[in-house]
Amino acid sequence: MFRTALIGLLALGSSAVFAQASSTNPFATPIEASRDIITVHFSEFARIPNDDAGFAPRLMHMVTEAGTGQRIVSAMTGQLYAMNADGGNVHLYVDINDPKWQVRVMSAGSERGLQSFAFHPQFSQAGTPGFGKFYTYTDTGNTDPAPDYVSGGERRTHDTVLLEWTAKNPQAASYDGEAPRVLFRAAQPFPNHNGGQIGFNPLAMPGDEDYGLLYVGLADGGSGGDPLNAGQNLASYFGKILRLDPLGHDSSNGQYGIPASNPFAGDNRSDTLGEIYAYGVRNPQRFNWDASNGHMYLADIGQNQVEEITPVSKGANLGWNTWEGSYRYVDREVSLDNPRSAPGITWPVAEYDHADPLFQRQVAVTGLVVYRSDAIPALHNNLVFGDNPSGELFYIDADAASQGGQSAIRRILLSDGGQAKTFLQIIQEKNAAEGSDVAQRADLRFGYGPDNQIYLLNKHDGIIRLLQP
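Heads up, our numbering is the position in the sequence shown plus 5, with the first residue counted as 1.
So, in C-alpha cells, the structure goes:
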C-alpha cells in the first residue's frame, strides 16, 4: 500500500512510506503547524476487545448501517464487530476468517487483511434485491481458484477477493447466512498496496443512476512506481476506481453487473474495461462524497513524495504513474518543471510532502470527510483528513478554489484535560496508563456515522473515539 524512498524495498507498514529530504521537494515551506489550529473534544465511544493472544485489534474501517443504526467496525484479521448507536453492546458480528467460510484472510504484515466492507443500501429492506446483503474486500492466501483479474505480471503473491454475504435476518446479533459468494478475485503480483476501500454512494436515492452501485478501489498491484504500468492502462483493472452492480450478472465471469452509465461501458473496444469509473490511481485508500454537491473525493497514497486529496468524477484520469500529485513522476522522483501542465488530468485539491517535519519516517494520507454538519461548528464546511502513521489530523476549506499544494492545510488537535494533543499522544498516554507497549505510530483510520460523525480508529488500543465540539 505504501512506498519507500529506497529502490526495490517494499513498504512494511500500512500506508507507510519513508519520508525523505529531496532536492526535488515541491513543498519547501512546511505546513504551518501553529496557524489556525482547530481544537475539538472527543469521547471514548466504544472499545473492541483484544484478540485471544492479548493483542489490540487492528481497526481499519467503520460505517453505520442505515436501517438498524448499528455501527460496524472491522479488524484487519477478518472480524466485523457491531455495536449500538451509543457504542454499547459491542459484539462479534462475523469472523470471515473462521475456517467454515474458507476465505483464509491473509493479514501478515501491516498492509494485507480485511481491507474494507460495505452494506447494501437495501440491507434492512425486506422484499428488495439487496435485502441482507453486505460486501467484504479482503486479501486471501487461497490462490487455488483461477483469478478473474490478472495484472500482467508473472508473480502471484496472494489474491484480493470481493465477497457478497447474505444475512437471513439483518436484525440478528450475528451473521446467520450461508458462505459468501465471490464477485471477483484479483491475482496480486506484489504484497503491498493491493486493495483500498469499497462503498456505496450514501447520497444516492432509489431511482438515481448511482443507487446500489458499488465503488471499488483497486490499487496498482504494488512494488514501487507501478512497474506493470497499470494506472494508465484502460485494459487493466489495477490502478482504478471500479463501479459495479453487485446484483447484476453481465460481467465476463457472470458474478456482477457492469453499469451502462460507466464511462467505458458499451464502447465495443477491446482496450478498455466497462468496470472502470476512474483511473490513474496508486493506492485508493479512502473515498467519500460531499453532501452539499455530490462530489466524490479520494485520498490516494503517493510514491516517494506527494500525498493527495483529489476529486473523482466519471472517466477521470488522476494521473498516476505519469504524475504524482501535481508533479510529473520521473525515475522515482517528481520533476518540478511545469506542474499541473498536462491536459485531461484531474489535479489534487490538497497535497502534502513526505519530508514535512510534522511526519514520521512513514507517511500516508487517510480520511476523509467533507464536514457539512453543524454538530462541530469549527469543522463546518471543511474537508477533514489525516495522516495514517503520525495520526496528524488536518482540514482545508471545502469550498475554496484550490491549486493543490499544502499551503492551505491546517491542523486539528484533540482537547484532553485542558491540553491540545495529537491523536498519537492520546493513544500513547492510554497505552502507558494501562501498562501496554506504547505505540510508536498511530495507524489512524476514520469511521463514519450519521450527520458527518467522525470516529477515530487505530491499531494499538482498541478504542473508537468520537469527535465532539
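Heads up, the beta-carbon is just placed ideally off N, CA and C, and yes, glycines get one too.
Predicted, not measured: the structure shown is a model, and the values here were computed from it.
The C-alpha of residue 414 is placed about 39 Å away from the C-alpha of residue 129. For residue 294, the pairing in a beta bridge is given by DSSP as 301.
Per the coordinates, the alpha-carbon of residue 435 lies some 48 Å from the alpha-carbon of residue 347. Counting only runs of 3 or more residues that sit fully inside the segment 26-80, the beta strand (DSSP E) segments are 43-52, 64-69 and 76-80, in chain order. Burial of residue 283 is indicated by the presence of at least 16 other C-beta atoms within 10 angstroms of its C-beta.
Here residue 341 is exposed: its Cβ has fewer than 16 other Cβ atoms, across all protein chains shown, within 10 Å. In the DSSP assignment, residue 140 forms a beta bridge with 123 and 169. Residue 426 carries a strand assignment under DSSP once its states are collapsed to helix, strand and coil.
Per DSSP, residue 245 is one residue of the beta strand (DSSP E) stretching across 245-249. Membership of residue 469 in the beta strand (DSSP E) is indicated by the continuous run 468-473. Looking at the backbone, the Cα of residue 460 and that of residue 391 are separated by about 12 Å. One Cα belongs to residue 426, the other to residue 370, and the distance between them is close to 19 Å.
Runs of the beta strand (DSSP E) lying entirely within the segment 373-439 and spanning at least 3 residues, in chain order: 387-392, 398-402, 415-421 and 424-426. The beta-bridge partner set that DSSP reports for residue 340 consists of 333. Residue environment: residue 304 is assigned as buried (16 or more neighbouring CB atoms within 10 Å of its CB, all protein chains considered).
Three or more Cβ pairs closer than 8 Å define a contact, and the segment 172-180 meets that threshold against the segment 93-103. With respect to residue 195, residue 226 sits close: the two C-beta atoms are nearer than 8 Å. With fewer than 16 other Cβ atoms inside 10 Å of its own Cβ, residue 438 counts as exposed.
Taking a C-beta distance under 8 Å as the contact criterion, residue 190 and residue 164 qualify as a contact pair. Non-local beta-carbon contacts of residue 467 in its own chain, meaning distances under 8 Å to residues more than five positions away in sequence, involve 52, 53, 54, 55, 61, 62 and 64 in chain order. No Cβ-Cβ contact shorter than 8 Å links residue 386 with residue 351.
In summary, residue 297 is exposed, with fewer than 16 beta-carbon neighbours lying within 10 Å of its beta-carbon over all protein chains present. In this structure, the CA atom of residue 273 is about 9 Å from the CA atom of residue 279.
As DSSP reads the structure, residue 88 sits in a beta bridge with 76.
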